[in-house]
Structures are given as C-alpha cells and as structure tokens.
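Set out below in structure tokens:
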C-alpha cells in the first residue's frame, strides 16, 4: 500500500504482494519477505486527516479480503430458523475445551457446553455454578459442596473425582492457557459424594475465581490435552462439529440442571474476514458477530434491525517483545525496548485508526481490572527514540513483527502504521501475518522461526489484575524449559513480587503488593505499546437478552429470540 499526494488530495494505491506458492502452515509467503508492507507517506501530521486515515485502514481490510479464497469468504447459506441462533466468530473455535485456547468470544460457546465450579458474573465477581457453595476454611483450604442432582448431558452424575481429574489434566498439558494463572494447583480431598476440600501448600485467596477457568468433564473421559469431543453439564450439547472449519451445531440440553435454554439450536460459524461477517449480519444470514472494528461499527450503527452492544474490557492488547533473544541482542536491553516505544504515536493510532474505541494503556494491566495500578505512560517522541538508540550504539536495527489475523480489530492497519513509524527513526520492519488456524503458537513458544515483536491480546478471565500478572509475568526458568512462559518473559525479581501478592490473604495488603509488582513489570519495558479495547459486537434485533460482559462474552443460556 502506498500513499502519494498532490496539493489537494491524497491518492491511495495498493500493490498486491506477489506470492510464490500456497500458504505453508497457515502463513502467507511473499517474494522477498513474508507479509512485507511499505508505506511511503508519514502516518500522522497536518496533511492527513482522520477520515483519510480511516479510509486507509478500511482499504487495507478490503484489499486483504480480496486475496482470501471464496470458501473462506462465503457466508452461511440460508437464513437462521425461528428457533435457531447463528453466531459468526472472527477466530476459529478449534475446541470446546479451554486448556490451550480461550480467546474472548470462545468463552460464550465453551461455557454453554462445559461449566466450572464457579463462573465470573456480570459484575466481574465469582458466582456459584456447579458448586452450591465454595468457602475458604483456612488460607490453604477451601470447602466445596456440589449442587444436588447435577448430571452430564448423557445422564452420568457429576462427582468430586471429576474435579480432581480436571485439575490434574489442566496441570499436565503443555502450553496450557489456564495453568499459567494458578500459582499452584490444589488437590481434592473427598468428604462425601457432594462435598470435598481443595487443599494447597500456600494460600490461594482468589481460588473461587480461578476455579471458574476449570471446565469439568467426566473423569473417565478427560485427558491432558485439548478435548475434541465429550459431554458437559451446560445448557447445550454438541450435535455436530467440523473442527477444521470451526463450525458447531449445538442443541438444547434437555437434562440441564438449571433453567432450560430459550433457544433450541445454536449454529457457530467461523468467518475470518470482517467484511464477510458484516455482510452476513446485514443480510440476516447470521444473528451475532463479535469483536468488530471501529470502521464496521460506524457502518452498522443506526442500521435498521441491527444493534451495537458495548462493554468495558478485561483485555490488554500489546505489541510485546520477544524475551527469548540472546543477551547480546539489542532487544535484551530494556533501554532499547523503551527507545523503540518513543517511535510509536499511540494517540494517533487511538484517535485516527481505532476511532477512540480504545484507550492507551497506562500500566501493565487494564484500568478495568480489580487491583489495577497506574505505572506510566507511552510517550511519542521520535527524536528521543533516535537519540537513545544512537547513544546505545544501536544501528541498522531490523525488526520482524508477527501476529494472527483477528487478534484485535484493525490489526493489519495498526501493523502497517508501525512499519512507517519505526521507519521514521531508521528501523526497518518486516511483517509476518498468520492466518487463523496456522502455527503461530509454535512461533510464540520459540519452536519455529525467530521474531522480535508480537501483536497479541491477553485477557484476565477473572477480572483481577493478579491473574493477568500471574499469566504474563510470573514466568520461571523451570516453566521456560517447557515453553510455558509468556513469550519467554522470566524475571526472578518480578516473579517474587507477583508470588508475594498472589498469596496475600488480606485484600488491602494484597492491593499494595500488587502496585509494587506492576511497577516492577513496567520498569522492564515489556511492550512497545499497549491499549485496552472496548468489547463491541453487533446483533440482529431479533436477538433478545444478550448481556455482553467486560469479558467480551455473554451467557448463551439466557439469550432468546423474538417470537
């Protein structure tokens, strides 16, 4: 994409990359570099208006869609039935088990089939689910009583051993998304067929919130892997699915222990291109589309028959550094990482590309999380960036930025802007974009190619700052051996501060310790830039009682359709 100017107008030209062959492992390869993008005009300044920037971002998404196969772009065929809800997700849902994968919108579907002892309620606090009660008996023991009469959809009863096996399987799976949130996994001591204790070596004062992340399956079916089949206790059961296509057909669980779901059938689709999702919603072929960009929001707002739902967010989107670099690499120096941040005009990205639907981060966790502490600001000063890099002897720096399509709205436009901004300080940048379902996880774990910056999002599914800190920054050398750290981030001092806060039972003291831990993380400069989005989705007006939460999810069991 290239921008040229005459006195009165901006002319946008797009040059399609030459592709040598088919995508390999979900990655598109271009002639000289993978996904390389060049922009010759300055990104922000008096010559380019907000609207022109929006046109640029919109064109980027439009032209990206041209290169996608007809199969990927095709919307669902036929209109949803009177008793059928159709959801179109922006990322492929590869499993209804969350051991390895739980992007925001997946929560809605996963928890409609499998449930935990607790759930995170609309006020971002744990509420009983499969547990009738869960009480801290001592700093290292919680007592749990299961609801009476709960069965799986196939009629098998829920039992304490299912919880014990679930905890064991979540702890054993390599690369677990959930495991990183637990300072340790508790053990189950059964009292009777409905009552048991959760015991730990050290205090886990937020265990009632953490147990919302453990989805329960029958012990005899559970494995230390992401389950592809199986039953749950939720309001829906799986009638059919195609994991490769990311499609699922759910039907109402007639044996559900709670109130029966109002809708008989739910169809889950995967439409990777936002333009396809918008068209499908406008035509009535789908009922709900998630995680829409500001540009699509503007298109849909005020459209007859369509409503935009907004909520605050528990998510932090970051341009995160690769902490697996050798000590001799410039990015291993926090001063270099900070210098590169000065090159990023975050306010322009927020205002002009993301249309003020996000806020620039002022710390290492979102402001919406309980326990958040402000630790600093991202400042735009390209002159200072150049000067710092020169003082540190950094010359001819080249960066590779990787990300997966759909990681956050307007991701491609942001990445292309970063190419230009880094170019303004003399840093060359290469972009490598992974299609959903590709092998970006292997790259993130350092098992495939090398990279320097990652466009990624991370949510605190409990709504607590300590959970995000635990998941992202409490890495240890032992965890790094199995690549169970966040992009290789291991800092012993930071880990000790987080561990101290995580084990503090007194809430006021824990809040003070959290502030110290967050400042320690900020001082290591882990991100070039970060922002907190809002949760935004669009629905047809026939969809009723959709209660979007800050977790960018909603209880599917309560959603209904107009008669």
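Residue numbers (the working numbering): 369 to 931.
Where is the CB? At the ideal position from N, CA and C, for every residue including glycine.
Source: prediction; values computed, not measured.
Between residue 511 and residue 503, the gap from beta carbon to beta carbon is short of 8 Å.
Distance from the CA of residue 558 to the CA of residue 486, rounded to the nearest whole angstrom, comes to 18 Å. The three-state reading of DSSP puts residue 700 in helix, counting H, G and I together. Within the region 501-545, the complete alpha helix (DSSP H) runs of at least 4 residues fall at 528-540.
Counting only residues of its own chain and dropping the five nearest sequence neighbours on each side, residue 814 has a CB closer than 7 Å to the CB of 692, 851, 856. Within the same chain, Cβ atoms closer than 6 Å to the Cβ of residue 678 are found at 902, 904, the five residues on either side in sequence being excluded.
The C-alpha of residue 719 lies about 22 Å from the C-alpha of residue 826. For residue 455, DSSP records a beta bridge to 636, 656.
Per DSSP, reduced to three states, the secondary structure at residue 610 is strand. Collapsing the DSSP output to three states places residue 617 in a strand.
A Cβ-Cβ contact shorter than 8 Å links residue 929 with residue 910. Per DSSP, the continuous alpha helix (DSSP H) segment holding residue 790 begins and ends at 779-791. Judged by beta-carbon spacing, residue 896 lies within the 8 Å limit of residue 705, meaning their Cβ atoms are closer than that value. Annotated three-state conformation of residue 493 is coil, per DSSP. With a cut-off of 8 Å on Cβ pairs, the region 586-604 is in contact with the region 530-537, counting three or more such pairs.
Contact between residue 665 and residue 591 does not hold, since the beta-carbon distance rounds to 41 Å and is not under 8 Å. With respect to the 8 Å criterion, residue 613 and residue 494 are not classified as neighbours on the basis of their beta carbons. For residue 889, the enclosing alpha helix (DSSP H) stretches over residues 875-891.
In this structure, residue 685 sits away from residue 820, with a CB-CB distance that is not shorter than 8 Å.
Counting C-beta atoms within 10 angstroms of its own C-beta, residue 913 has fewer than 16 neighbours from the protein chains shown and is therefore classed as exposed. It is roughly 24 Å from the alpha-carbon of residue 539 to the alpha-carbon of residue 861. Boundaries of the alpha helix (DSSP H) around residue 758: 750-759. Contiguous alpha helix (DSSP H) elements confined to the region 665-726 occur at 702-709, taking only those with 4 or more residues. Per DSSP, reduced to three states, the secondary structure at residue 488 is strand. Nearest to residue 562 by C-alpha distance, out of 501, 835, 801, is 501. Leaving aside the five residues that flank residue 757 on each side, the residues in its chain whose CB is nearer than 6 Å to its CB run, in chain order, 707.
Secondary structure note for residue 848: it is in no beta strand (DSSP E), and the uninterrupted alpha helix (DSSP H) holding it is 845-849.
Across the set 599, 824, 791, the C-alpha of 824 shows the shortest separation from the C-alpha of residue 801. Residue 566 counts as buried, since no fewer than 16 other beta carbons sit within 10 angstroms of its beta carbon. In the three-state scheme derived from DSSP, where H, G and I count as helix and E and B as strand, residue 931 is classed as coil.
Distance from the Cα of residue 893 is smallest, within the candidate group 794, 766, 858, 635, for 858.
Per the coordinates, the alpha-carbon of residue 655 lies some 16 Å from the alpha-carbon of residue 459. Taking C-beta atoms as the reference points, residue 466 and residue 659 fail to come closer than 8 Å.
Non-local beta-carbon contacts of residue 609 in its own chain, meaning distances under 6 Å to residues more than five positions away in sequence, involve 616 in chain order. Straight-line spacing of the CA atoms in residue 842 and residue 739 works out to 16 Å.
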